[in-house]
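Chemist: Let me begin by handing over the structure; questions about it come next.
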Amino acid sequence: MLKDLPRLYQIIYYLSSMSLSIILFTLKILYSNFDQYNLNHFHILLIVLAVLFVLGLLSRWLYTNLKKKYARKTYTQQNQYDEEDFTKDKITDINGQPVSFLISNVTTVYIIQSFTWPSVFAYIFIHLILFTMMVEGESLQPNPFFLLYGLNIYKTKNNDFLYDFNEPFEHNAILKLNDNKDCRSYLVGSIDLNAKKK
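Residue numbers (the numbering used here): 400 to 597.
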């Protein structure tokens with residue numbers, strides 16, 4: 400689903416969507432070194448909040464950047480889709496499967512039994528594999544920050560993806576994310592899934 404985004408956007412989307420896993424892994428590292436570094440619960444809370452803040456900031460930057468480019472019509476307008484083409488009967492998924500994605504987030508942390516450098520490298524390696532699968536795959540992966548910002552992502556029966564800001568803009572065109580003829584990701588200001596085909 401991320402194949403059509405620039406690499407930096409892909410990385411930020413992945414990190415923010417995996418925020419729960421990153422926070423749990425941070426907690427695991429901190430608690431395994433609790434006595435060694437004279438940490439207390441306040442220190443741990445501050446560190447976790449800092450990690451959450453950075454991830455939130457990155458995802459906000461990505462969201463704002465996509466929004467600005469959409470508003471300026473930086474992306475390519477296309478004639479393949481009309482708003483009426485994105486209706487409930489043509490949508491197969493909205494914002495992914497949060498429960499299964501939540502389980503995968505937690506699992507990547509708890510397969511690491513203790514904090515050692517090999518376990519850190521194993522954690523990173525697992526995430527590199529998951530990142531590759533997310534970029535190359537066609538499944539819709541939820542992003543908790545995007546949901547908070549009101550951005551919905553729809554997947555169609557044709558395996559196309561539509562990023563819906565749910566906001567009014569000066570235009571409401573459906574724009575392609577890039578000029579690539581194989582691009583299957585689109586942006587729209589706001590769309591009514593209950594619209595009737597004219």
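Ideal Cβ positions, reconstructed from N, Cα and C, are used throughout, including at glycine.
1) Compare the C-alpha of Phe424 against each of Thr515, Asn557 and Asp578 and name the closest.
2) State the Cα-Cα distance for the pair Ile493 and Asn571, rounded to the nearest angstrom.
3) Measure how close the beta-carbons of Leu407 and Tyr562 come, nearest whole angstrom, since I'm counting them as under 8 Å.
4) May I ask you to report which of helix, strand or coil DSSP gives Lys467?
5) Output the distance between the C-alpha atoms of Val447 and Val508, rounded to the nearest integer angstrom.
6) Between the segment 451-465 and the segment 414-424, do three or more beta carbon pairs fall short of 8 Å?
7) By the three-class DSSP mapping on this structure, what secondary structure does Tyr553 have?
8) What does DSSP give as the partner residue(s) for Asp409 in the beta ladder?
9) Grab the span of the alpha helix (DSSP H) containing Ser538 for me, first residue to last.
10) Pairs of beta-carbons, one from the segment 434-442 and one from the segment 543-561, closer than 8 Å: are there three or more?
11) According to DSSP, Ile493 sits in a beta bridge with which residue or residues?
Modeler: Well, looking at it:
1) Thr515
2) 20 Å
3) That pair is no contact at about 16 Å.
4) helix
5) 15 Å
6) yes
7) strand
8) Reading off the sequence shown, one finds Gln at residue 409, where the question assumed Asp. Listed as beta-bridge partners of Gln409 by DSSP are no residues whatsoever.
9) Neither: Ser538 is in no alpha helix (DSSP H) and is coded neither H nor E.
10) no
11) Tyr553
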